Structure formats: structure tokens, C-alpha cells
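Worksheet: the structure to be examined is printed underneath.
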Amino acid sequence: MNNCTNLIGAMFGMAPDETDDTDESPVLKSFDLRGAVEYIENCSNIIIMSGAGMSTSAGIPDFRTPGTGLYSRLEKYNLPDPHAIFTLDFFRENPKPFFLLAKELYPNNFKPTAAHHFIQLLNEKGKLLRVFTQNIDSLERVVGIPPEKIVEAHGTFFTNHCLDCQKEYSLDYVKEIIFNDEIPHCDECSGIIKPDIVFFGENLPKRYGECVSTDFPQCDFLIIMGTSLQVAPFNTLISRVNKKCPRLLINMEPAGNTAVAWEPLTNVLKFDSEKNYRDVFHKSSCDDGVVEMTKLLGWQNDFEKLLGKKTVSQSSKTLLPNNPIATPTIRSSVTTNNSKSTKAQTTVTGASSVSNCMAMANSKTQCFTCDKEKITYPCKGCLKEFCLTHLTEHQQILNDELNHITNEYNEFKQRIDEQKQNRQNPQKDLLLKQIDQWERNSIEIIQQKAEECRKIAMGHLPTFFSNIEKKFNNLNEQIKQIHSENECNEINLNYLRSQFIEIKQELNNPLKVSIKEDPPSFINEISIILSK
Numbered sequence: 001m002n003n004c005t006n007l008i009g010a011m012f013g014m015a016p017d018e019t020d021d022t023d024e025s026p027v028l029k030s031f032d033l034r035g036a037v038e039y040i041e042n043c044s045n046i047i048i049m050s051g052a053g054m055s056t057s058a059g060i061p062d063f064r065t066p067g068t069g070l071y072s073r074l075e076k077y078n079l080p081d082p083h084a085i086f087t088l089d090f091f092r093e094n095p096k097p098f099f100l101l102a103k104e105l106y107p108n109n110f111k112p113t114a115a116h117h118f119i120q121l122l123n124e125k126g127k128l129l130r131v132f133t134q135n136i137d138s139l140e141r142v143v144g145i146p147p148e149k150i151v152e153a154h155g156t157f158f159t160n161h162c163l164d165c166q167k168e169y170s171l172d173y174v175k176e177i178i179f180n181d182e183i184p185h186c187d188e189c190s191g192i193i194k195p196d197i198v199f200f201g202e203n204l205p206k207r208y209g210e211c212v213s214t215d216f217p218q219c220d221f222l223i224i225m226g227t228s229l230q231v232a233p234f235n236t237l238i239s240r241v242n243k244k245c246p247r248l249l250i251n252m253e254p255a256g257n258t259a260v261a262w263e264p265l266t267n268v269l270k271f272d273s274e275k276n277y278r279d280v281f282h283k284s285s286c287d288d289g290v291v292e293m294t295k296l297l298g299w300q301n302d303f304e305k306l307l308g309k310k311t312v313s314q315s316s317k318t319l320l321p322n323n324p325i326a327t328p329t330i331r332s333s334v335t336t337n338n339s340k341s342t343k344a345q346t347t348v349t350g351a352s353s354v355s356n357c358m359a360m361a362n363s364k365t366q367c368f369t370c371d372k373e374k375i376t377y378p379c380k381g382c383l384k385e386f387c388l389t390h391l392t393e394h395q396q397i398l399n400d401e402l403n404h405i406t407n408e409y410n411e412f413k414q415r416i417d418e419q420k421q422n423r424q425n426p427q428k429d430l431l432l433k434q435i436d437q438w439e440r441n442s443i444e445i446i447q448q449k450a451e452e453c454r455k456i457a458m459g460h461l462p463t464f465f466s467n468i469e470k471k472f473n474n475l476n477e478q479i480k481q482i483h484s485e486n487e488c489n490e491i492n493l494n495y496l497r498s499q500f501i502e503i504k505q506e507l508n509n510p511l512k513v514s515i516k517e518d519p520p521s522f523i524n525e526i527s528i529i530l531s532k
């Protein structure tokens, strides 16, 4: 029944009814920050989900801000697409743009925010089970949270591997080379060394899937901070906790509260629903939200001590212990069939944040020009897919055509300017006076005719809207019948869709007004004969 509801809802642009969890009793005393804090006091398995908004106050630049965004700094490389630097094909061909970008994002370039220190405090209080982050800034490590408590969904700079032989290299080794403006190469096979950041077309880290499976069933409170919950599969994690687990969203805008036809209803945060029994939305920055939480929890002194301390781990060596728990799993760039959950994690859509852009999958398809299977990029105009080389050629052709059009425009503009200067002549005033006189003579006749037509049209409208209402009510009865009989199939949906489109078209065009000339014409006509 829900599938039918979702399909019809998607077709008509209506959100499906939330039919699940109707019998659940409230698990929070109040659906605000105070109610959430009272519940947290008795929790010991809290999971944090964090996005780019948690690192904004650290001064980490975004990608797209003109002039200051990281993409703007890469314009001199003439990238065919801003995402190209995060594809393996382009990285192997020209890794320099990525490593230039990496210098801007490297750990220890930025200081942890108050929100990062709050997660550290949760860990010290014995309440943190795990933090799942979309960010690649590694500020969770910098603040001193144990690596085994962190899941970096979109990868990390702290481990690096040769693309060819998979030999592992430390952060310090690779960082020294990069900051000398050199490309790091493997000392065994001379392959390029790449930080373990998830590129387009790569799977999310294996540890991500493993921790999701083990952690979320035992989570007793979920805190979501600084994410729009628009990037899959990360956004689906909110549905992995049990139905009794409260969920708190701290963000500047509501997120995760809109159902779509292809997602289970349990994915939806229901803080704005009458059926809400466990969800809280606190509108604020991440830093302001956690400061208020520490006050309500009575942790203010402990929190201020953490904020007053020098960052615990200033050296990358202290952030990479040799114990096997803290060492991320070595990943191959080749997709493996580990599990069903792993397959579901391979596709992520891009967003403005650093982490979201890193994780979007871009599978190999056939290049329109060379017919070879490669990672391709779509042309937004013709919608054809091109490999990196031929996309550049395609764009050059388009640029040449644009230059040609620009030259023609400039020539034509010059002609217009010349004609504007020479258009003053003695006949101008006489011509305009004749037109003005004709307008005055005709306007009264036109107004009388228009008033007659208005009366006819207004008399027709009540009948028109009555017919529309009958058709709409009939369509509503048919939808109800499909619901009651649970007979949702393609034939029914196509029929409903066609009926709905027909009603909309009729409503958008209530009258078919035509203007015809009755001989003899009721006004005198004039015309301007232009020389060709």
C-alpha cells in the first residue's frame, strides 16, 4: 500500500502520508534541546553524524565561492570540469591540481571547532560510541578523539597508498613532499602516491560498512550536526537506529524531514510532524548548539577546560598509533563484491562541501567521440558523455563557435549604433502624429468591443469551473478506489496521470479566445510599409 501511495504522491507532487510509527509513544519529555539533553544523561552509546557545517567556523574554504573557493584557485589549470581533479583518470594524467588543493586542506592547517571539542567531551564522559563524518579535514583526530572512534566516510589524508602496488605511506612522508611542490612517487614501483580520499568511482571505505552494521543497532542517541542530509548513502544512516532511539538535528536549516517516493518512510526526521515521538530540530550553528547543550548538561566547566587547552595532538605522529585498531584498512581502487551494503555505498552525489564532492560516484561509460569505456563527463548542452580528452576538444569547438557569435554581435551592434545616430529626420514627427491620431480615433471603438467580450467571458467562467470541479472530484474518487482495492499498476497510473494532465491543461487555458476580422472592419486599419 505504501508503494502505491508513494508512486501516486510522486506523480502529483504530494508527499506520501506517514503511516508508520503511528502507535509509538513519546520517548522524550519535550521535543526541544532540553528534552534531548535530559535523555542524553542516561545514554552511553551516542553516535554523531557530522557534515561540512561542523567545520565552517574553523575557516575551511568551500569549493565554489567566487574568488576564494578552492575551485577558483584551480582555474589556471583549465580543468574540463571542477570535479576532474577527483577522478582517477585525471589524477593519473595530471596529479598536480589535486596536490595543490591538498595543501589547502591538510590536517593541522585548521583548528577544531567547539563542536569537535563537544564530541571529545562526550568521549571523555564515556558516552561516545562512534562519530561518522562526511568531512575530510580530520579535525576529529586533531582534537584528540581516538581513531578507532572515528569513521571517515569519505576518506582521510592520514593514510596514503601507491596507486599501483598499494604500498602504504604516512601522512608526514607525503605531506613533506607535497609542501615542497613535488609529486609523491612510490619508492618501490614509482607509481603515484594518493591520499586515501574517496575519489569519484571509488567505494567508500570498507570500515564504513562494517561500523554501520555493528554500531547503529546499539545506538541509544543519534546527534546529527552540520549536514543537509542530501548525500547518499550517508543520509540513509538516520534510519539505521532502532525506532526507540531519539534523533537530534543541529543545523541552520531543517534537513532530512522530506519523504521521497524512492526512500523508506523511516528515513524521515519527523520533528515537524504531529506523529513525532523522538525527533528534535535545534536551529543554530553547530558551535552554538553544543555550547547550549553543555550548559543544560552541567558540563560547562569541563567544556571550557577543553576549549582552553592547546590542541591535544599537533603532530600527525600522535594521531596515527601503530595499533591495528587505529589503522584504516588498505583499499583498492577496484570495486569488490564484499557485501550488499558495500555495493549500496558506492554512489554519492556532490554538494558544495569538500567532503560531499569527494564521494560522488561517476561510473565508466562510453565516450561519444572515441567509443571507449572511460570515466566520462556530460556536456550540459548536448547531454552527450565525453572522456576527459574529448571533452576538452568538444569544449574548444564550442568556445570557437562562441567567439564567432561574439564577433558577429559586435559588428551588428556597431551597425545599430550608427543607425541610431542617423535616424533623426524631418518626417519623423509627421509620421508619429498620424499614428497618434489613428490611435485616438480607434481606442474608443476598441474599448467598447473589449467590454462586450469581457461580459461574454465572465458569463462563461462559472460553468467552466463547475465542469473542472466535477472532473477533479471524479479523479479523486478513482484514486480512492485504487487505494481501497490496492490495485496499483502501470495502467492505472498512466490513466491517472493522463487525466490529471488533461485537467491541468484545461485549467490553465479556461477560454479559447480568438480574434477574427469582420468585414467591413469596425475600425480603420493602418499599416507601415517598410522597405526591405
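Counting from 1, one number per residue, gives the positions in the sequence shown under full-length UniProt numbering.
The C-beta atom is built at its ideal place from N, Cα and C for all residues, glycine as well.
Note that the structure is a prediction, hence the values are computed from the model and not measured.
Around residue 240, the same chain offers 212 and 216 as residues with beta carbons nearer than 7 Å, after the five sequence neighbours per side are excluded.
For residue 308, there is no enclosing beta strand (DSSP E); the residue is found in the alpha helix (DSSP H) stretching over 300-308. Residue 103 counts as exposed, since fewer than 16 other beta carbons sit within 10 angstroms of its beta carbon. Only exposed fits residue 92, as fewer than 16 other CB atoms lie within 10 angstroms of its CB. Rounded to whole angstroms, residue 55 and residue 150 show a C-alpha spacing of 16 Å.
Looking from the CA of residue 226, the closest CA among 502, 132, 181 and 508 belongs to 132. In the three-state DSSP reduction, residue 366 falls in the strand class (E or B).
Taken through DSSP and simplified to helix, strand or coil, residue 295 comes out as helix. Per DSSP, the continuous alpha helix (DSSP H) segment holding residue 92 begins and ends at 88-93. Per DSSP, residue 165 has no beta bridge partner at all. The Cβ atoms of residue 370 and residue 390 sit closer than 7 Å to each other. Of the other Cβ atoms in all chains shown, fewer than 16 fall within 10 Å of the Cβ of residue 301; this residue is therefore exposed. DSSP places residue 222 inside the beta strand (DSSP E), whose first and last residues are 221-225. For a cut-off of 8 Å, the C-beta gap from residue 118 to residue 303 is around 7 Å, short enough to register as a contact. Judged by DSSP in its simplified three-state form, residue 133 adopts strand. In this chain, the beta strand (DSSP E) harbouring residue 281 covers 279-283.
Exclusion of the five residues before and after residue 384 leaves 368 as the residues of its chain whose Cβ lies within less than 6 Å of its Cβ.
Unbroken alpha helix (DSSP H) runs of no fewer than 4 residues, entirely contained in the region 186-244, are found at 206-215, following chain order. Within a 10 Å sphere around the beta-carbon of residue 453 sit fewer than 16 other beta-carbons, which makes this residue exposed.
Assigned with DSSP and collapsed to three states, residue 473 falls in helix. Residue 382 is not a Cβ neighbour of residue 374, given a cutoff of 7 Å. Between the C-alpha atoms of residue 480 and residue 474 there is a straight-line separation of about 10 Å. Remark: C-beta atoms of residue 186 and residue 177 do not approach each other more closely than 7 Å.
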